[in-house]
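Visitor: Right, I'll just put the structure down here and ask away after.
Structure follows, in structure tokens:
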């Protein structure tokens with residue numbers, strides 16, 4: 004966010020206080036987007052639900068690994084365990100209504116897949132774009148710890164009264180592919196198909212890991228929406244942390260225009276260019 008200060012007294016210089024405000028508000032609203040990281044893994048330290056229909060009930064997501072979307076100065080939990088039904092006899096669900104990326108509430112289209120190169124030549128692949136959801140990298144919540152007090156990372160880390168900031172000591176984090184649209188694959192910059200041999204991919208130790216997935220389909224894949232659904236696992240017996248709820252990432256392959264459409268587009272472009280040249284000669 005940038006705050007623009009206008010001098011209405013006729014001068015040209017901003018006061019020192021104004022410059023300080025400008026500098027503080029010009030910081031990126033997201034902590035690690037420049038590294039491709041837009042998601043974090045923490046665990047839910049909230050023991051009891053404080054408000055709403057299920058106030059005073061135990062939190063069904065407590066001590067569970069949780070995918071956290073970086074939303075600037077706070078997180079959005081994606082696919083957390085939740086309740087349904089009457090408060091007197093609630094049913095525990097292993098996901099919630101906010102379990103898709105892009106979030107349904109954002110009304111954004113699925114993330115686009117575009118032509119790849121190098122290791123991903125001959126594919127349509129994910130990449131960073133205009134959407135905040137396109138920063139698909141995932142890191143441990145502890146990568147935000149120890150930064151300058153009041154800085155972007157520090158504010159995000161301690162948000163929601165430190166609900167998500169606990170250490171993941173002893174945990175080994177893995178990402179299980181629950182299901183996916185046929186033809187959609189998940190790789191990294193070094194591995195083209197991370198799930199070719201198993202539906203579980205190890206991310207690393209709880210306090211220190213990064214995973215930057217690349218979602219892709221063949222270049223001639225049919226147009227439509229391609230989705231992958233995951234679950235975070237703790238594969239270590241040395242940590243009591245539980246698996247997460249399920250969450251999904253949605254991607255889109257745009258239809259390729261028919262040859263007739265290309266021909267019409269080319270003809271239209273020719274006519275526009277020809278008309279512009281004629282006008283320029285007059």
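Residue numbers (the numbering used here): 4 to 285. Heads up, the beta-carbon is just placed ideally off N, CA and C, and yes, glycines get one too.
1) Determine the extent of the beta strand (DSSP E) in which residue 68 is found, giving its start and end residues.
2) Tell me the start and end of each unbroken alpha helix (DSSP H) in the stretch 102 to 172 that is at least 4 residues and wholly inside, in chain order.
3) Taking C-beta to C-beta, are residue 136 and residue 111 nearer than 8 Å?
4) Count the other C-beta atoms from every protein chain shown that fall within 10 angstroms of the C-beta of residue 51, then say buried if there are 16 or more, exposed otherwise.
5) Under a three-way DSSP split, which group does residue 37 fall into?
6) Would you list the residues sitting across from residue 251 in a DSSP beta bridge?
7) Taking only three categories from DSSP, how would you classify residue 239?
8) Whose C-beta lies closer than 6 Å to the C-beta of residue 30 among residues of the same chain, with five residues either side of it excluded?
9) Grab the span of the beta strand (DSSP E) containing residue 178 for me, first residue to last.
10) By Cβ distance, which residues of its chain are closer than 8 Å to residue 187, with the 5 residues on each side in sequence left out?
11) Name, in chain order, the residues that DSSP records as bridge partners for residue 61.
12) Using DSSP with H/G/I as helix, E/B as strand and the rest coil, what is residue 86?
13) Taking Cβ positions, are residue 70 and residue 46 nearer each other than 8 Å?
14) Exposed or buried, residue 146, counting other C-beta atoms within 10 Å across all chains shown (16 or more means buried)?
15) Checking 8 Å against the spacing of the C-beta atoms, do residue 214 and residue 104 come in under that value?
16) Quick one: give me the first and last residue of the beta strand (DSSP E) that residue 218 is part of.
17) What would DSSP say about residue 259, mapped onto helix, strand or coil?
18) Any contact of the stretch 198 to 215 with the stretch 149 to 168, i.e. 3+ C-beta pairs under 8 Å?
19) Along the beta strand (DSSP E) that carries residue 78, what are the first and last residues, could you check?
20) Which whole-angstrom value is the C-beta distance of residue 48 and residue 169, which I expect to be below 8 Å?
Guide: This is what the structure holds:
1) From DSSP, the beta strand (DSSP E) with residue 68 extends over 68 to 73.
2) Fully enclosed alpha helix (DSSP H) runs of 4 or longer: 155 to 160, 162 to 165.
3) For the pair residue 136 and residue 111, the CB atoms are nearer than the 8 Å cut-off.
4) By the 10 Å Cβ count, residue 51 comes out exposed.
5) It is helical.
6) Answer is 103, 232.
7) Coil at residue 239, not helix or strand.
8) At residue 30, the pLDDT of 39 sits below 50, so the modelled position is not reliable; the number obtained from the coordinates is stated separately. Around residue 30, the same chain offers 155 as residues with beta carbons nearer than 6 Å, after the five sequence neighbours per side are excluded.
9) Start and end: 175 to 183.
10) So the qualifying residues of the chain are 218, 219, 220, 229, 230, 231, 254.
11) In the DSSP output, where bridge partners are listed per residue, residue 61 has 51.
12) Looking at residue 86 - three-state DSSP - the assignment turns out to be strand.
13) Cβ distance not < 8 Å, so residue 70 and residue 46 don't count as in contact.
14) Of the other Cβ atoms in all chains shown, 16 or more fall within 10 Å of the Cβ of residue 146; this residue is therefore buried.
15) No, they are not a contact pair.
16) Note, residue 218: beta strand (DSSP E), 217 to 221.
17) Secondary structure at residue 259: coil, using DSSP grouped into helix, strand and coil.
18) At 8 Å Cβ cutoff, the stretches do not touch.
19) Run containing residue 78: 78 to 81, per the beta strand (DSSP E) assignment.
20) Correct: roughly 5 Å between the Cβ atoms.
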